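A.B. asks: 1 is the number of the first residue of the sequence shown in the UniProt record's numbering; add one for each residue after it.
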Amino acid sequence: MQCYGNQSSLGEFILLGVSDRPQLELLLFVLILISYTITLLGNTTIILVSSLDPHLHTPMYFFLSNLSFLDLCYTTSVGPQMLLNFHSTQKSISWAGCVAQLYISLSLGLTECLLLAIMAYDRYAAICQPLRYTAIMSHRFCLQLAATAWLCSFGNSMLHTIRTMRLPRCGQNQIDNLFCEIPALLKLACVDTSANEAEVLASSVIFLLVPLGFILMSYGYIGAAVLKIRSAKGRIKAFNTCTSHLAVVSLFYGTGISMYLQPPSSYSQHRGKIVSLFYTMVTPMLNPIIYTLRNKEVHGKLSWEKHSTLM
1 MQCYGNQSSL GEFILLGVSD RPQLELLLFV LILISYTITL LGNTTIILVS
51 SLDPHLHTPM YFFLSNLSFL DLCYTTSVGP QMLLNFHSTQ KSISWAGCVA
101 QLYISLSLGL TECLLLAIMA YDRYAAICQP LRYTAIMSHR FCLQLAATAW
151 LCSFGNSMLH TIRTMRLPRC GQNQIDNLFC EIPALLKLAC VDTSANEAEV
201 LASSVIFLLV PLGFILMSYG YIGAAVLKIR SAKGRIKAFN TCTSHLAVVS
251 LFYGTGISMY LQPPSSYSQH RGKIVSLFYT MVTPMLNPII YTLRNKEVHG
301 KLSWEKHSTL M
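Here it is as structure tokens:
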């Protein structure tokens, strides 16, 4: 008998998460609530400071604001549903809610991949082409780069979402994950998913390995340019403008590659849950902390505002 994937389209999915471990559920509820709160406060602060201070109206802070806005949306696409499921005996999510969660979280994840590569190019232009930096990174060009990243990612994610949700599931609706994600949803399919797996792998190469290769190449040129600086103070200053970005790249790409650059058929549920939790909740929380602690301009601005408030 043939089964069709839309038999659950009017129903719901069950997000199993860690429902077999009630004590872990309580711990994760507290940790995710704290993480989500810090993410909201940290990223909102960076967006406000970058937009209100005229001295921070530069390409670097324009892309940083984009990254912060993206992280706000990314965590919000999965965080509240996770908190609700951890706090409730009902672990369900509607079919439409699952589609929206899959599409939005995947789109934002892919956008971050491209945005981090764009930020690497910005650092390359600033350090390797300092005299032409203003001309290269014009406001119009920055807008075009950001728009391209957002549009390409949302377009690509639509194709993956449609292909994944149309797979026959033959009545299976229990997702062994914390939220709706492609590898976990492919596990529910009752047909051969090798074509879907190949598409996911190809997309991962395009959106993960290619941007990462571009980032590494950019930092290769940056490293060579920094070594040519005679002043030790100048080398340290140039290097410090890149360390925050490199830390964020390591966190995001490391977890993203470990999750998506493998066949979903070999997907480990337990490891997948930990990795998913890390790049959807932990990384967006750490990004503003990393940029604030390592960036003297943002740190100085926040310190000045705090001092002004206390006076």
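Where a beta carbon is used, it is the ideal one built from N, C-alpha and C, also for glycine. Quick caveat, the model's predicted, so the values are computed rather than measured.
(1) Can you tell me the Cα-Cα spacing of residue 32 and residue 277, whole angstroms?
(2) Give the DSSP-derived three-state secondary structure of residue 289 in the structure shown.
(3) Please go through the same chain and pick out, in chain order, the residues whose beta-carbon is closer than 8 Å to the beta-carbon of residue 118, but skip the five residues on each side of it.
(4) State the start and end residues of the unbroken alpha helix (DSSP H) segment that holds residue 65.
(5) Is DSSP giving residue 239 helix, strand or coil here?
(6) DSSP puts residue 14 in a beta bridge; with which residues?
(7) Is there at least one non-hydrogen atom of the ligand GDP closer than 6 Å to the beta-carbon of residue 185?
(8) With distances taken Cα to Cα, identify the nearest neighbour of residue 92 among 260, 180, 219.
(9) Assuming contact is defined by CB atoms lying nearer than 7 Å, are residue 186 and residue 196 in contact in what I supplied?
(10) Which term fits residue 13, buried or exposed, when burial requires 16 or more other beta carbons within 10 angstroms of its beta carbon?
(11) Counting C-beta neighbours from all protein chains within 10 Å, is the total for residue 11 16 or more, i.e. buried, or is it exposed?
(12) Starting from residue 154, trace the alpha helix (DSSP H) both ways and give me its first and last residue.
(13) Contact between the segment 44–51 and the segment 128–135: three or more CB pairs below 8 Å?
(14) Grouping DSSP H, G and I as helix and E and B as strand, with all else coil, what is residue 132?
(15) Mind the definition here: the segment 14–26 touches the segment 62–80 only if three or more C-beta pairs lie below 8 Å; say whether that holds.
(16) Grouping DSSP H, G and I as helix and E and B as strand, with all else coil, what is residue 187?
(17) Is the CB-CB distance between residue 218 and residue 260 below 7 Å?
(18) Can you give the Cα-Cα distance for residue 106 and residue 194, rounded to whole angstroms?
(19) Cβ of residue 283 within 7 Å of Cβ of residue 246?
C.D. replies: According to the data block:
(1) Roughly 9 Å between the two C-alpha positions.
(2) In this structure, residue 289 counts as helix in the three-state DSSP scheme.
(3) 63, 145, 146, 149
(4) Element bounds for residue 65: 59–87.
(5) helix
(6) 92, 174
(7) As presented, the structure is devoid of all ligands, the ligand GDP included, so that no description of it is given.
(8) Nearest Cα to residue 92 within the set 260, 180, 219: 180.
(9) yes
(10) buried
(11) exposed
(12) 139–165
(13) no
(14) helix
(15) no
(16) coil
(17) no
(18) 20 Å
(19) no
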